[in-house]
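This report refers to the structure that appears directly beneath it.
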Ligand SMILES: [Zn+2]
């Protein structure tokens, strides 16, 4: 039997069999953004996708096509990019906050309409977006029978790189480089690291990347897979406990109403929507000034 868990590569009978075994769907998300010269730019989504694939192989479920478009360029992300990337061409696949989260709402709707009992959304993109994602899930959950759980992948590996919780999350440093190296070795090339002490921003690389270790990355992936297995059990148990007498799919029109009534009023409070203070704005001629500040009410349009 084929050991395939990627939705887009499965035949209908394989999808039905996987669904019957475990009605769980995994949604990996991230984006293309600078991750040092040693990592390919899709690190965040590749990492989340790799972790979801390993978790689905171990604990069951179907991994939906990864979403490589994610939040960036606004608010604190713009300041971060200005400081850590500078004016290099960033090869970024960014969306505004409200568009990304609306996409997530529609993805959740699609999973629920198919009859899944649980979805686990794994964001490989760090920064404040995962806190907002958790808030979004909290707002949407009451409208769906399916149990919804979201987390950044680093939450699934609290011991971190060193095993003592000191290196848990970074950007293109020892954590992310080791994870990608373990999951997609062809996407990490340590020979591309800049020479030690060489000045420059180095495409947002963290200097800790020099300590990256593929085998430690493998242990971290195993930690994440074990953690996610526990979440699957919890979510399915929660679903069984609250199982509705009958399932009813939410229509596009209904989702638009939920979006407008429930999510839009909460959007301005989200971390990713916060504009930077004037003194922290990227400089006049910086490419990161373009979207760093959002006019009030933009998310309603
Ligand atoms: Zn990253």
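In the numbering used here, the protein residues as written are 346 to 646. The C-beta atom is built at its ideal place from N, Cα and C for all residues, glycine as well.
Cβ pair residue 707, residue 497 closer than 7 Å: Because the chain in this structure spans residues 346 to 646, residue 707 falls outside the shown range and cannot be described.
Cβ distance (whole Å) where residue 363 is taken to contact residue 350 below 8 Å: The residue given as residue 363 occupies position 18 in the chain shown. The residue given as residue 350 occupies position 5 in the chain shown. In this structure, residue 363 and residue 350 form a Cβ contact; the two beta carbons are roughly 7 Å apart against a cut-off of 8 Å.
Under the three-state DSSP convention, the category residue 610 falls into: Counted from its first residue, the chain shown places residue 610 at position 265. Correct three-state label for residue 610: helix.
Cβ neighbour criterion (16 or more within 10 Å) applied to residue 495: Locating residue 495 in the chain shown gives position 150, counting from the first residue. Buried is the call here.
Proximity below 7 Å, CB of residue 565 to CB of residue 383: In the chain shown, residue 565 corresponds to position 220, counting from 1. In the chain shown, residue 383 corresponds to position 38, counting from 1. No.
Range covered by the alpha helix (DSSP H) that runs through residue 373: On the chain shown, position 28 is the one that residue 373 refers to. Counting along the chain, residue 373 falls outside any alpha helix (DSSP H), though it belongs to the beta strand (DSSP E) covering 369 to 374.
Whether residue 581 touches residue 463 by CB criterion (7 Å): Position 236 of the chain shown, counted from the first residue, corresponds to residue 581. Position 118 of the chain shown, counted from the first residue, corresponds to residue 463. Yes, the pair counts as a contact, with Cβ atoms nearer than the cut-off.
Whether residue 381 touches residue 393 by CB criterion (7 Å): Residue 381 sits at position 36 when you count from the first residue of the chain shown. Residue 393 sits at position 48 when you count from the first residue of the chain shown. Not closer than 7 Å, so no.
Residue 541 versus 548, 533, 552, residue with shortest Cα-Cα distance: Your numbering for residue 541 matches position 196 in the chain shown. Cα-wise, what sits closest to residue 541 is 552.
Which of helix, strand or coil DSSP assigns to residue 407: Mapped onto the chain shown, residue 407 falls at position 62. Strand at residue 407.
Stretch-stretch touch, CB-based, cutoff 8 Å, three pairs: the segment 622 to 631 with the segment 442 to 458: Taking a cut-off of 8 Å for Cβ pairs, the segment 622 to 631 and the segment 442 to 458 do not touch, as fewer than three such pairs fall below it.
Whether residue 405 touches residue 371 by CB criterion (7 Å): Here residue 405 refers to the residue found at position 60 when the chain shown is read from its first residue. Here residue 371 refers to the residue found at position 26 when the chain shown is read from its first residue. One thing to note: residue 405 has its Cβ no nearer than 7 Å to the Cβ of residue 371.
CB of residue 470 within 7 Å of CB of residue 439, strictly: Mapped onto the chain shown, residue 470 falls at position 125. Mapped onto the chain shown, residue 439 falls at position 94. Their beta carbons are not under 7 Å apart, which means residue 470 does not touch residue 439 by this criterion.
Sufficient close CB pairs (3 or more, under 8 Å) joining the segment 582 to 593 to the segment 567 to 574: no
Cβ pair residue 443, residue 612 closer than 7 Å: Taking the first residue of the chain shown as position 1, residue 443 is located at position 98. Taking the first residue of the chain shown as position 1, residue 612 is located at position 267. Going by C-beta atoms, residue 443 is nearer than 7 Å to residue 612.
Reduced DSSP secondary structure (H/G/I, E/B, other) of residue 636: Walking along the chain shown from the start, residue 636 turns up at place 291. In the structure shown, residue 636 falls within a coil segment according to DSSP collapsed to helix, strand and coil.
Sequence-distant residues of the same chain with beta carbon closer than 7 Å to residue 423, five excluded per side: Sequence index remark: in the chain shown, residue 423 carries index 78 (1-based). For residue 423, where only same-chain residues beyond five positions count, the Cβ hits under 7 Å are 621, 627, 633, 636, 637.
Opening and closing residue of the alpha helix (DSSP H) in which residue 528 lies: One-based indexing of the chain shown puts residue 528 at position 183. Looking at the DSSP string, the run of the alpha helix (DSSP H) that includes residue 528 is 519 to 528.
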